[in-house]
Every structure is written in structure tokens, then in C-alpha cells.
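In our numbering, the protein residues as written are 46 to 608.
Just so you know, even glycine gets a beta-carbon here, dropped at the ideal spot from N, CA and C.
Have a look at the structure below, then the notes.
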């Protein structure tokens, strides 16, 4: 069988370290593997590639596939220039047409649509001229692009925010995130969460993006990524908006800060809706895929889904930069197989495989003597534990690819019992109280909520009817939204919810990723055990064993994950 490899080099030719790298192995009719570097190195947002690439190559050997070629992508430099960090491989390695092309292809080719518009929006892709200048924002470049997906490929239709110094959706959101005291674009989720507390304010009359369909930024404001604080100050000054002092991470959030968060979130939503509405009218297409970092804004994506109607929006679970490796591998495959290459739906669990023998061996090496149990008994026991107000971590099968835990590397709890969610926020996630935790629901409840925009990959956060407040409890954010996962009834997660509903009459659990703040999601069985011991987790469902805190506390584990 033939296969194709996708990856991102560790550094662009501009010298910019490329974070969230990964490697993907695509076969003729399926994705065989996709893994982020950080899951293997245990370094959050790792800009290296060695471990992910080595795993992809060894997987190809194990599966006996013939690697035809590899494809890679970067950002901030020219798409076609040779890359300094490209690894030395024994088969051809070529560049994809652009960063945004990779995003567009990875979304469209795993979507359910035969033809659709694809909107890619982020803080920037490749520059649009032959330049590797470190001041990439001073060159024409990708920030917001519109594509047409058809016949197994994507074609560029339009570019927005592409002039030198233009400020697109991702760049403005990043700048406000810095201003609000979170000095990294990777913390934009904090801004989105805080916005729920500041939605209704008088700043919304001051538009950031003009009302024309392109959403082009008005005035003479320039994009200066090294100084995002000055960017926000100048925007507020130009609109005559009283500006609070930029917040530092150590200071308290004020009402003015929540108003600013609400302002940037509402501005993003309104502009996206205008742009997409104009696009579907112009091109006479009603199906849309969203990709790029901005597509991770699940509240804005849900507004788009509501406008388009049920079944007309697709947001990939790996739409952020880690998904570049998927788009790149799909491009390499398409070069060889052409437009007739088989398509396949989005696959969620793409991490390394651990055989039952390997799990048994690891348990023995850790001194775990708990016997294995049938799945139906484990689901019942987990549900009973959750109904008692305890916190259960789940480790099962191959890990999820992307930012979300979807039941294979998850921490679960009851959203309605007093103090339980607070325990998870403080003792597991170690996150600010205003940050919500996401719910997972069963298919029956999803059917009742069919008027809302729901997803199996937590990519949408719709506003829920208030009558469901009691069932969702603290899984519903202050503004009535929730980033919902609809559980597959064939998966262990779905079976746990079914048993939990029998006990409590409620069909909602909190599902958050199995990691603490600042660390990647656990990957190996040993990492799961060590995390369960360290964090305030009452029980660990490790494949076919239920391990309680008391038993875990008796284990003596080495600190070296490889030992």
C-alpha cells in the first residue's frame, strides 16, 4: 500500500519558530496516523518535529506501506522557497502551495460536502512575494482567504486583509488578548471566555472592520505584531474609546477589561457573518467549511452555523496549525492519485496505537494488579462514581488529534453537584474561574437540541434554551452558551453517559482534557497514571481497569516518562 507524509519544518526562513508542529501519515483511503510533537515531547506548543516525524516514519515501516512523497508548509515566509529546517528524507519532499491552501484542503477533504466554500482565517500564513524578511507583516500575505472546494481539491477565490500591514481577524484577536494580560495567541480562548461577561456594552457601535463585505480595516492603522499593546491603544484612541490600562497577568480583571473582550468577540462575529453571507450570495453556494486558527473560536463558529442552517457548516477538529500536517499529506496524496482519490470523513482518534499486550505489560511494570473488566461493567462503575460527585479520568485507545479531548484522554465530572466543577477547575485544570468547562451529551438530548448547532468534536458553542439550565448546570456558560460534544453511543463515553442518565436522570457530563494547565494532554498509559496521582482525580479508567485514588497512591513511579 502507498502512503504519503505531511509535516511542518521547525522554523520558517524568516527565523520564526513554528509552533504546534506535527506529522501525518495518509494512506490511499484513510488517515493512518496524525500526532502533534507536543504529545510526545511533553513540551506545550513545541516547535520541534523530531519525535512526531520519527513516529510517522516508524509507523510506515510497521504497517509495511511504501512512502511515495512528503509535503510540508510554513508561515511568515514565501511558500515556495526551499526551507532551512526541512529534514533529510529518502523520498521526495515538496512544499504545498501555501499555508492557507493546506488549511483549506484539510477542511474540505474530510468534510461531508461534495462542493463548498472554504473560509480560512488566522493570524497569517505565507507572504505573497519572494521574501523571507523577518518583518513579514510589512509584505502582502495570507490572513483571510476564500476557496472553492470541488472535485477533491480547492481553488482560491478571494483574499482579504492581504495588503502590507493589514490587520486581519487573527491579528486583532491576538492583540486584544495581549492587552487583556495574556501574552500569547495560544491564550485567545481566555478572551473568548471573558467576552461572555462583557457582551452587552456601548462599544459595539465602533466597528473594527468596515461594513463592506471584505471586512477591510478602516483608517490608517498598521499591523505591528511586536507591539500589540500599541495597536489596541491606537484603535481605541482613533474611535474615541476610553482605554483602560493594559492588564498584566498578575492583576485583577476589571469591568473595562470584560467590555473590551466583549467588543473584540462581537466585532469578530459580526464581520465574519457579513463576509460569509456575501460569499454565499456571490458564489451561490450554501455549504461552508471553516479552517485556520480563527475557526477555533467556537462561539463565532456557532453564530455562522446558526446563520447557515443545520448541516451547512463544517469545522474540522484539527483546523488550527497542528492540522497543517494533515493538509500537507493530503496534498502529496492528491499529486499522485489526482482528483479521483478516495475521500473520507473526519477521523478523530489518530494517535499512536498501544496493543492490549503493551497495556498489560505497562500495568505490571507499574505494579498495578487491578483485574480487567468488561466494558459494560466499567461504564456502569464510572457512572456510579460520577454520580457520587467524584472526578473520573478516562484513558482509552488511540489519542485524539487536535486541541480537544473527546473521550479517549478525558476528565469527567457531574456539572450539577455543588463544588464538583470548582474542584476540577482548581485541582485538575488549574484555570481561572471565569473559564467554562465543556459538556458532553448523548444523542437523545442532541435530537432535542436539533435547532442548535452541535458537533461531535466540540467546534461549536451554541446558545442553549434556558429550560436546559438545570440539566447542563455549570456546563452552561454565563451567556447561555456551551461547547458541546455529542457522544457516539458506540464509544465508551457514550456508554458512560447512558449509565449516568439511568442513575441521575441527567444526560450531561463535563468533559475536559486530561492534563493540567501548561502541559500537553497525556499520551501514554504511564503519563495517565502519573497525572491521576498528581491531580485531584478520584478514579482513573485505564483501558479495561478502574483504578481508584487509594490504589494509585500506593504506586511508586519514576519521574522519567521513558523509564
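Contact check for residue 371 against residue 340 fails: the beta carbons are separated by 7 Å or more. By DSSP's assignment, residue 583 forms no beta bridge with any residue.
Between the alpha carbons of residue 271 and residue 67 lies a gap of roughly 26 Å. Sequence-distant partners of residue 367 (beyond 5 residues in either direction) whose C-beta falls short of 6 Å from its own C-beta, in its chain, are 65, 67 and 81.
Taking a contact to require three or more Cβ pairs closer than 8 Å, the region 546–562 and the region 401–412 do not qualify as touching. Membership of residue 203 in the beta strand (DSSP E) is indicated by the continuous run 198–205. Between residue 77 and residue 70, the C-beta spacing is below 7 Å. Here residue 100 is not near residue 136, since their CB atoms are 7 Å or more apart. Under a 10 Å Cβ-count criterion, residue 503 is classified as buried, with 16 or more other Cβ atoms of the shown protein chains found around its own Cβ. Per the coordinates, the alpha-carbon of residue 595 lies some 14 Å from the alpha-carbon of residue 430.
By the Cβ criterion, the region 319–328 is in contact with the region 147–166, since at least three pairs of Cβ atoms, one from each stretch, lie closer than 8 Å. Taking C-beta atoms under 8 Å as the contact rule, residue 362 and residue 393 qualify, at a distance of about 6 Å. Following the DSSP letters along the chain, one finds residue 357 in no beta strand (DSSP E), marked with neither H nor E.
By the 16-neighbour rule on beta-carbons within 10 angstroms, residue 296 is exposed. Taking a contact to require three or more Cβ pairs closer than 8 Å, the region 143–161 and the region 342–351 do not qualify as touching.
Residues of the same chain with a CB within less than 7 Å of the CB of residue 89, apart from the 5 flanking positions on each side, are 83, 563, 564 and 565 in chain order. DSSP, reduced to helix, strand and coil, places residue 235 within a helical segment of the structure shown. Cβ contact annotation for residue 134 (same chain, cutoff 7 Å, sequence separation greater than five): 115, in chain order. In the displayed model, residue 273 falls within a helix according to three-state DSSP. Residue 337 and residue 408 have their C-alpha atoms spaced approximately 39 Å apart. Here residue 140 is buried: its Cβ has 16 or more other Cβ atoms, across all protein chains shown, within 10 Å.
If you ignore the 5 residues before and after residue 179, its C-beta comes within less than 7 Å of the C-beta of 59 and 60, all in its own chain and listed in chain order.
Nearest neighbour of residue 317 by Cα position, chosen from 529, 190, 91 and 221, turns out to be 190. The C-beta separation of residue 441 from residue 537 comes to about 5 Å, placing the pair in contact by the 8 Å criterion. For residue 111, the uninterrupted beta strand (DSSP E) segment begins and ends at 111–117. Excluding the 5 residues flanking it on each side, residue 166 has same chain C-beta neighbours closer than 6 Å at 189, 214, 337 and 339, in chain order. In the DSSP assignment, residue 497 falls outside any alpha helix (DSSP H), carrying neither H nor E. Put simply, of 107, 91 and 570 the residue whose alpha carbon is nearest the alpha carbon of residue 403 is 570. Counting only the Cα atoms, residue 568 lies some 28 Å from residue 552. The three-state secondary structure of residue 147, taken from DSSP, is helix. Just so you know, the alpha carbons of residue 328 and residue 453 end up roughly 40 Å apart. With a cutoff of 7 Å on beta-carbon distance, residue 49 and residue 386 are scored as not near each other.
If you look at residue 192, you'll find it in the beta strand (DSSP E) that goes 189–195. Under the three-state reduction of DSSP, residue 530 is assigned to strand.
Annotation for residue 288: no alpha helix (DSSP H) segment contains it, and DSSP assigns it neither H nor E. Residue 591 is bridged by DSSP to 586.
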